[in-house]
Structure formats: structure tokens, C-alpha cells
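**Q** This is the structure, below, for whatever I ask next.
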Amino acid sequence: MCLTLDVRLQYSHFLPQAIYKSLRAPSTNANPNPVSMTRYEVKQTSSQRRAYLFCSQCEGRLSRNGENWVLRNALKNDGTFKLRSVLERYRCQLDHSRTAAIYYAAKIPEVDISALTYFATSMFWRGSVYPWNASRTRPVPLGPYEEPLRRFLIGEANFPEDVMLSVSVRIPSQIEKLTLSPMGEWRDLQFFGRFSMPGFAFAIIAGPKIGSELRQFCFVRGEGNPLTLSEKVEQYFLQDFKKLHDGIPVYKRTLARPVGFNERSSDGA
Ligand SMILES: [Zn+2]
6 MCLTLDVRLQ
16 YSHFLPQAIY
26 KSLRAPSTNA
36 NPNPVSMTRY
46 EVKQTSSQRR
56 AYLFCSQCEG
66 RLSRNGENWV
76 LRNALKNDGT
86 FKLRSVLERY
96 RCQLDHSRTA
106 AIYYAAKIPE
116 VDISALTYFA
126 TSMFWRGSVY
136 PWNASRTRPV
146 PLGPYEEPLR
156 RFLIGEANFP
166 EDVMLSVSVR
176 IPSQIEKLTL
186 SPMGEWRDLQ
196 FFGRFSMPGF
206 AFAIIAGPKI
216 GSELRQFCFV
226 RGEGNPLTLS
236 EKVEQYFLQD
246 FKKLHDGIPV
256 YKRTLARPVG
266 FNERSSDGA
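In the numbering used here, the protein residues as written are 6 to 274.
Structure follows, in C-alpha cells:
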């Protein structure tokens with residue numbers, strides 16, 4: 006990330022280790038490992054995606070500037086969710102379609118805006134610089150936006166003007182832990198990326214023509230730094246999950262449940 010030559014690279018995670026931890030079932034289960042799904046198969050596994058990627062200084066930046074706060078405030082294995090409890094004490098507004106609740110983070114001192122921004126950005130960027138996919142492709146092909154985001158992450162530049170970040174706090178549901186690692190694609194000269202984890206869902210849009218209607222929901226530049234809570238977000242991720250799942254050969258679908266879905270009743274078989 007810092008592009009320093011001749012440094013020892015750490016065995017870095019794609020998804021922070023704490024996410025895997027929060028996806029594990031109680032240790033009383035015969036197999037508490039999370040259910041993992043790729044384009045090719047579904048299985049319960051303890052394996053985590055890692056690569057020699059960052060120097061220790063950059064690993065430190067990633068933890069300090071984003072991960073530590075976000076993971077402390079995310080939905081935990083024991084069902085506690087610090088940020089959601091905080092939001093319950095504040096008033097929200099409904100968006101014009103009345104399908105999403107908006108909280109203005111700028112008015113909520115317990116919300117660390119810069120940590121959320123940094124974490125989300127770093128997750129998308131990580132997905133852009135390494136072929137994490139089972140097919141050895143990069144899950145988040147940011148193209149020309151990769152470098153400006155890298156410069157933001159090492160503190161050399163502001164968050165790029167033509168990038169929009171949306172941050173959602175997930176609503177209580179059976180799929181609130183459904184974790185889809187960062188992915189994205191280009192459509193009509195715009196890049197769309199998304200990522201969900203226990204408690205949070207993030208989306209990024211990059212391109213020169215992001216409309217003002219969309220920009221008002223940008224967590225970084227939108228007025229008041231809006232955080233959204235919306236059932237729609239869950240539906241999008243569920244659709245993504247289903248699409249991925251349906252593409253897997255039937256004989257490879259040994260466990261047909263999404264990550265974090267109803268895992269408490271898992272018999273580990
Ligand atoms: Zn570095």
C-alpha cells in the first residue's frame with residue numbers, strides 16, 4: 006500500500022480475522038466453522054483468505070485508522086451490536102421513498118466517521134490489488150480509481166471527488182450476518198462495488214457522472230454524513246447471494262445455507 010521497496014510483507018487477511026470470529030457458531034457445535042461459498046462450491050471451513058500483501062506499518066494503519074473501531078462496533082457473535090444500540094437513542098428521518106431510515110452521523114458523537122470511511126475504502130481497495138477470487142481474478146476491479154484510493158489510504162490525498170460511499174447499518178434479520186466479501190463491476194463507465202459483513206453493508210460508486218440525488222447519500226460528502234438502515238439493502242445482498250449460489254454445481258452445494266444464516270441450529274453434519 007505504501008509502495009516501499011525492500012520491506013518484509015505480512016501474511017495479510019482479505020477479510021479481517023474478527024469477521025470470521027463473529028461468524029463462528031458456538032463452540033458446542035460439532036463444527037462451528039462458518040459456511041463459505043465461492044462461485045464453485047459451498048462448504049463449512051475454518052480457512053481464511055490471506056496473501057503476502059502489506060508491510061507491518063500498513064497493517065498498523067489499517068487497524069488503527071479503521072478496523073479497530075468498526076469491528077468493536079459491529080455485530081458480534083454473542084448478538085451484541087454496539088452501534089445499533091447507540092442509534093436507538095437517536096432520532097432518524099425517513100428518506101423520500103419512506104423505505105430507508107437515515108441517521109446523520111455528524112450529529113452522533115459516538116459514530117467515528119473517519120474510521121468507517123477508512124475501513125470501507127480499505128476493504129474495496131484490498132479487493133482491487135490482489136486476485137482473491139477462486140478464478141484468480143480481482144474481485145473489485147477499480148481501474149483508474151485504485152490509485153487515488155490508495156493515496157487516500159496512506160494519507161497523501163483526500164477522498165476522491167468522483168467516488169461515492171454508502172454506509173448501511175444492517176437491520177435485525179435472519180441474514181444480518183450474511184457476509185459477501187468485496188466485489189464489483191463496471192456498468193456504463195461507472196464502477197459499482199459492494200461488501201457486507203455482520204452489522205454493516207457498504208457500497209461504492211465511482212465515475213465522473215454521479216448524480217446529486219445519489220451524492221446526498223454519500224457517507225463522506227453527503228450533508229450530515231448519512232448512515233442508512235434499509236430492508237432494501239438486505240434484499241440486494243440476498244439477491245447477490247442467490248445468484249452466486251445458483252451458479253454452483255448442484256453436487257457442490259453440500260450446505261445450502263448462506264454464511265451466518267441460521268447457523269445456531271447447525272448440526273455440523
Ligand atoms: Zn506498507
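Even for Gly, the Cβ is constructed at its ideal location relative to N, Cα and C. Quick caveat: nothing in here was measured; it's all calculated off a predicted structure.
Candidates P231, G212, T233, T184: which alpha carbon is nearest L249's?
**A** T184
**Q** Whose C-alpha, out of I118, L76, Q62, is nearest the C-alpha of G229?
**A** I118
**Q** Can you give the beta carbon distance from F196 to L154, rounded, assuming they're within the 8 Å contact cut?
**A** About 11 Å separates the two Cβ atoms, so there is no contact after all.
**Q** Using the C-alpha atoms, what's the distance from P37 back to A125?
**A** So the alpha carbons of these two residues sit roughly 27 Å apart.
**Q** Per DSSP, W191 is paired with what?
**A** BP columns for W191 point to F196.
**Q** In angstroms with no decimal places, state the Cα-to-Cα distance between L92 and K237.
**A** In this structure, the alpha-carbon of L92 lies about 19 Å from that of K237.
**Q** Tell me which same chain residues have a C-beta within less than 7 Å of the C-beta of E190, skipping the five on either side of it?
**A** F197
**Q** Kindly list the residues whose CB is nearer than 6 Å to the CB of T233, restricted to its own chain and excluding five residues on each side of it in sequence; keep chain order.
**A** A105, I107, S173
**Q** Please check the pair V134 and Y150, which I expect to be a contact at CB under 8 Å, by giving their CB distance rounded to whole angstroms.
**A** Not quite, the Cβ-Cβ distance comes to about 12 Å (not below 8 Å), so this is no contact.
**Q** Per DSSP, C60 forms a beta bridge with which residues?
**A** L14
**Q** What I want to know is whether the C-beta of V134 ends up closer than 7 Å to one or more non-hydrogen atoms of ligand 1.
**A** The answer is no for V134.
**Q** Cα separation between E170 and I210?
**A** Note that residue 170 is Leu in the sequence shown, not Glu. If I take the Cα positions, the gap works out to 7 Å.
**Q** Which stretch, first to last residue, makes up the beta strand (DSSP E) that contains I210?
**A** 205-211
**Q** How many whole angstroms separate the CB atoms of L1 and Y57, which I take to be in contact at a CB cut-off of 8 Å?
**A** Summary: the structure shown does not reach residue 1, with the chain confined to residues 6 through 274, and so no result is reported for it.
**Q** Less than 7 Å between the CB of Q62 and some heavy atom of ligand 1, yes or no?
**A** yes
**Q** To which residues of the same chain is T50 closer than 6 Å at the C-beta, ignoring the five residues directly before and after it?
**A** N38, S41
**Q** Using DSSP with H/G/I as helix, E/B as strand and the rest coil, what is F129?
**A** helix
**Q** Under the DSSP definition of a beta bridge, which residues are partnered with Y25?
**A** Partner(s): none; Y25 has no beta bridge.
**Q** Cβ of M6 versus every heavy atom of ligand 1: is any distance shorter than 7 Å?
**A** Yes, since a heavy atom of ligand 1 falls inside the 7 Å radius drawn around the Cβ of M6.
**Q** For a test of the three-state rule: what should DSSP assign to S41, helix, strand or coil?
**A** strand
**Q** Taking the alpha carbon of S140 as the reference point, which residue from T43, K26, D83, S17 has its own alpha carbon closest?
**A** T43
**Q** If I measure Cβ to Cβ from Q98 and keep anything under 6 Å in the same chain, skipping five residues before and after, which residues do I get?
**A** Excluding residues within five positions, the ones whose Cβ falls inside 6 Å are I107.
**Q** List the whole-angstrom C-beta distance separating K87 from R77, where the pair is believed to meet the contact cut-off of C-beta under 8 Å.
**A** 7 Å
**Q** Between Y16 and R66, is the Cβ-Cβ spacing less than 8 Å?
**A** Between Y16 and R66, the C-beta spacing is not below 8 Å.
**Q** Please find out if some non-hydrogen atom of ligand 1 comes closer than 7 Å to the beta-carbon of F59.
**A** At least one heavy atom of ligand 1 is nearer than 7 Å to the Cβ of F59, so yes.
**Q** Quick check: the Cα distance between L10 and E72, rounded to an integer number of angstroms?
**A** 25 Å
**Q** Is S32 buried or exposed, if buried means 16 or more other CB atoms sit within 10 Å of its CB?
**A** exposed
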